[in-house]
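Everything below concerns the one structure shown next.
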Amino acid sequence: MNAIEMKEDLCKLAREVGADFVKTSIGVFAEGATVEDDRLMRETVGEDMGVKAAGGVRTYADAVAMISAGASRIGTSTAVAIIEGAP
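Note that this note's numbering has the sequence shown beginning at 2, numbered continuously upward.
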């Protein structure tokens, strides 16, 4: 089983047990959220579940990319910088 299949399986399990959200990363030990993971998770869980992009979202452009890919929430420690960077 490759990494993509594992992520899909974990998202499906989270949906089956009634989770409200799936989260891309904790952002501490790994690279954090990626657009590809957000898109994969959104496609896997559908529109009735939330997808939280966390870790690595540091700019307005990052936040927009994550939301465009399917994130319904953003987890970041740089929210003020993101807001200040908005056009």
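Ideal placement from N, C-alpha and C gives every residue a C-beta, glycine not left out. Nothing here was measured: the structure is a model prediction, and the numbers come from that model.
Taking the C-alpha atoms as reference points, what is the distance between residue i and residue j?
i: VAL65; j: MET50; result: 19 Å
i: PRO88; j: ALA82; result: 12 Å
i: GLY19; j: GLY57; result: 27 Å
According to DSSP, simplified to helix, strand and coil, what is residue i?
i: ILE27; result: coil
According to DSSP, what are the bridge partners of residue i?
i: ARG74; result: LYS53
For residue i, count neighbouring C-beta atoms within 10 Å of its own C-beta (all shown protein chains included) and say buried if the count is 16 or more, exposed if not.
i: LYS13; result: exposed
i: ALA34; result: buried
Out of the options, point me to the one whose CA is closest to residue i's CA.
i: LYS24; options: ASP63, GLU6, GLY71; result: GLY71
i: LYS8; options: PHE22, GLY33, MET42, ASP21; result: MET42
i: GLY86; options: ALA62, GLU37, GLY76; result: ALA62
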